[in-house]
Amino acid sequence: MDLKDAVSLGLEEGADFVEVRRELSRSTMIRMVDGVIRELTRGREFRISVRALYRGGWGFGLANSEEEVAEAVRDAVKLARLSSKWAEPIQPDWPSFRGKFEARGSKPAWRVPVEDKIGIVEEQDRLVRSMDRVTNRNIIMADTLRETEVVNSLGTDVTQSLPRVRIAAYIFAHENGVTESAFESRGGVGGLELVEGSEVASEAARRAVEALSARPAPAGPHRAILDPKLAGVFIHEAFGHAAEGDEVVANKSILSGRLGDRVGSDLVSVVDDPTLEGLYGFYRYDDEGTESRRKYIVKGGILSGYMTNLETSSRLGMEPTGNARSMDYGNPPIVRMSNTFIDRGDWTFDEMVSDMREGIYAFGSLYGYTDPAKGQFMFKAEGGWLIEGGELKQRLREVAITGMTLEVLANVDAVGRDLSHDPGMCGKMGQWVPVTTGAPHVRISRLVFGGR
Amino acid sequence: MLREEAVRSAISAGAEEAEAFELLTRQVSIRIEEGRVKTASSVRLVGLGVRASIGRKLGFAFATNPSSGEETGKEAAENARAAPEDPDFGGLPDAQRVEYMAELMDPKLRDLDLSDAASMFLAAVQSARISDKIVSISGELEVSFSKVAIYSSRGVDVAEERTYLSAYIETASKDGDRRGSGFGFADGRRLDMFDPEKVGREAGELAIRTLDATTIGVEELPVILQPKAQFTIIPFLVGEAANAENLQYGRSFLTGRLGDRIAREEVSIVDDGRIPWLPGSSSFDGEGVPTRRTHVVEDGVFRSPIHNWYTATKEGTRSTGNAFRGHTSPPSISHHTVSIEAPKLLMSKDELLDVRRGVLVVYTMDRPNLATGEFSGMAETAFLIENGEVTRSLRQTGMGFRLEDFLKNMDAVGDDVESLMGFRGGSVRARIKVAGPGAR
């Protein structure tokens, strides 16, 4: 069944709004451990999903082939009717979008023989194979091509083709009974040119070896500088999730009802921008078909926007920002970030350090999470340096950093001019989507380190 | 059948051995937002993952919703041809005799009507609404029925049906400028393992109790980790630190420590794949090897890693039945249900709390570092204990310890046993360092 016919069928069945999405994705994954290919995988996935809205209740159904679409439409409408028993009515008076977009890159991965891809992974491994104290080398490269089409009953009809490539190195080093590790990755939307010649393995190996001489970070509050990776994860976890429209309308976020309020130091501006071509969180259309756009979440310390999908935009009285995303079309789209970053300031890193008598320079991000309701967050730094007398003195081990989002943003006292972005995967409600986190170096006057 | 087609196709495309993993999943879910049903979903998915080998070369391919197994089998064989040799690959698993468990599939869960599921879940929402200070209730109920089958050219031919339910409720509370949050969770393979009122009530009570918050400074204190604060820590010891792949590659802090004392003598840590109705249980693992009970730590001594077929063959030993897999990747290694067994340290809840000053951790989402065995994380939901009484909620409380020290210093295990997310056990208590911004 044609997607438009499926939409018509949903309306005939009584739905107030119907959306049908078709997805075909192909992927290759290569995992090399200590110079041996442990995994060489190719995959294909196909799905058609149907979402229906009936008097405020949503229903979601899935077809595994075009022959099953009519059944999925009827299922979705039936489920929407079931949900509507407990729902508040919603008027689907949302904008519609039409268009086609195809990203290619200069060296499309799906045209490159798998042997050449193995060559890229081998090259990374070769760079660190004979490095002193390196004991385990893990290089992973994955490419995907995701082709999607979204059609809805408001007239939206968009198709999009996005190839993504990512290479990552996870390196272990050992000396005198101490083992340490470090992780580094590169990637984006485009072809293999994004990962060829990268230095992920040597960078991870350098940091793993360096960490062998590290000691635990001193526990308690300290003045701190966060590197772009860590500051990027901080703004994503601690602030970005709290600015997602679904959290806001559900009154689960510390930012609910605070538009226009001061939420941080005037040095802090936060942007979510899916239009940055080439970055890992790039897309032209979101998974509801809305055209993506750049927006400030915070400008000069003032909360100036939320990220929305179709439904939350109308409930918040805003335009949809193109932040509806799903892991794959087996899942309904929810409000997600894209390329989210702290905008650049005018400090250099050296100026920040030399201005400090005591503190910690924390770098690298292992992971982080937040509780948007309490405004409490944790993120895990890969390591750090103790700063004394304006100099980096002692290498520190992995450490947890905890804080209250709004207190920390208010305590930002310097923002660097060296903005950079890192690819990663963000999880929410069991769905993982590609994003970038970004920031320049950022200094915070007081941050609590967990120590060990 | 997809799996047989795939194996035949891989062999005729030049593979010497082939194995196909087939998964059929039917899942329904109810999503709650703002205390109301937001979305009802019904999803059916067919997954196929195929391994093919030529000598010591191994390839893998997968497909979601394929119309036949042919192309996936052929791609796996092509990948095997393209892959360089792996000197440690000792072949695909042999067929083993599997003793099938009866307690994995609950017909009531399999046949649960979506409308009944919604009504049942709304009872949890109702129970969470314990005060007008609760400003948000959300959550999700997921019920799935799956058929898992593995078929190979080496004679593996196993299949079984499993059901699974997971439910969580999240709450947010507000009282003036004070904010709190709560969480309730349950999972299992049987419908009556889900008590909606209990899950909702827990989430509601936590949200109210966390409104009244304070902070502490840097102190060394007796810390009690409740069961929900352990599922990222204790199973980590088995699933990651004692994972044979991590040991063989020297990634784990337990590398070279087999036979060493890593916990106090009264403590054993067990992985069990055959506990009736628990989500970590199955008759066979992701390679068709029968599951079993493995003493990873026995009387404080590190006794056994957990293996899949690859790591076991590499060491010349037998798989412990810990191969873990979905259809989109080849088997890795994971734990089933991990328990701490320490009957000599058993205490009641009141005895556990009997400290002058301490911290009760309800949740943490953090895990230790694989290479160092050190834990540095946040007590996400935690309370201060003063003179044996649980008093105020704590904010911004970091915790730091070496996992081995924690297991050696542990002085009590509670009788408040819970099973969740691959962990079963009661609260544990040990003296560790906590770090906050200072007392308020």
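Residue numbers (the working numbering), protein chains in the order written: chain A, 30 to 481; chain B, 1086 to 1525.
Note that beta-carbon positions come from the ideal geometry of N, C-alpha and C, so glycine has one too.
Write down the C-beta distance between residue i and residue j rounded to the nearest angstrom, noting that I regard them as a contact closer than 8 Å.
i	j	result
arginine 1274 of chain B	leucine 1143 of chain B	That belief does not hold up - the Cβ atoms of arginine 1274 of chain B and leucine 1143 of chain B are roughly 32 Å apart, past 8 Å.
valine 1052 of chain B	methionine 1432 of chain B	Given that chain B is displayed from residue 1086 to residue 1525, the structure contains no residue 1052 of chain B and the question cannot be resolved.
phenylalanine 478 of chain A	isoleucine 430 of chain A	6 Å
serine 1054 of chain B	glutamate 1101 of chain B	In this structure chain B extends from 1086 to 1525, so residue 1054 of chain B is not present and cannot be described.
threonine 337 of chain A	glycine 274 of chain A	4 Å
Kindly indicate which three-state DSSP category residue i falls into: helix, strand or coil?
i	result
asparagine 1328 of chain B	strand
leucine 1455 of chain B	coil
threonine 1299 of chain B	strand
histidine 470 of chain A	coil
arginine 84 of chain A	coil
isoleucine 1254 of chain B	strand
phenylalanine 1321 of chain B	helix
isoleucine 1309 of chain B	strand
aspartate 379 of chain A	helix
serine 242 of chain A	coil
phenylalanine 1270 of chain B	strand
aspartate 1217 of chain B	coil
histidine 1392 of chain B	coil
arginine 344 of chain A	helix
glutamine 1112 of chain B	strand
phenylalanine 311 of chain A	coil
histidine 1380 of chain B	strand
glutamine 189 of chain A	strand
isoleucine 77 of chain A	strand
alanine 171 of chain A	strand
arginine 71 of chain A	strand
alanine 44 of chain A	coil
leucine 421 of chain A	strand
phenylalanine 1206 of chain B	helix
aspartate 154 of chain A	helix
lysine 1399 of chain B	helix
glutamate 1089 of chain B	helix
Using only the heavy atoms of the ligand NAD, determine whether one of them is closer than 7 Å to the beta carbon of residue i.
i	result
valine 1475 of chain B	In terms of ligand content, the structure shown is empty, and the ligand NAD therefore cannot be addressed.
Output yes if chain A places a C-beta closer than 8 Å to the C-beta of residue i; else output no.
i	result
arginine 1442 of chain B	no
glutamate 1160 of chain B	yes
lysine 1518 of chain B	yes
asparagine 1328 of chain B	no
leucine 1130 of chain B	yes
phenylalanine 1147 of chain B	yes
phenylalanine 1338 of chain B	yes
asparagine 1164 of chain B	yes
glutamate 1155 of chain B	no
Just grab the DSSP bridge partners of residue i for me.
i	result
serine 159 of chain A	Answer by DSSP bridge pairing: none, since serine 159 of chain A is not bridged.
tryptophan 461 of chain A	A:Gly456
valine 224 of chain A	None, per the DSSP bridge assignment.
histidine 251 of chain A	A:Leu476
methionine 61 of chain A	A:Ile66 and A:Ile168
tyrosine 398 of chain A	A:Met407
isoleucine 371 of chain A	A:Val299
lysine 324 of chain A	A:Asp301
threonine 1149 of chain B	A:Glu74 and B:Gly1132
At least one CB of chain B closer than 8 Å to the CB of residue i: is that the case?
i	result
threonine 164 of chain A	yes
glutamine 405 of chain A	yes
tyrosine 398 of chain A	yes
asparagine 93 of chain A	yes
methionine 454 of chain A	no
lysine 281 of chain A	yes
aspartate 104 of chain A	yes
threonine 431 of chain A	yes
phenylalanine 75 of chain A	yes
Can you tell me whether residue i is buried or exposed, with buried defined as 16 or more other CB within 10 angstroms of its CB?
i	result
arginine 127 of chain A	exposed
leucine 1296 of chain B	buried
tryptophan 87 of chain A	buried
asparagine 352 of chain A	buried
methionine 458 of chain A	exposed
arginine 1116 of chain B	buried
methionine 1086 of chain B	exposed
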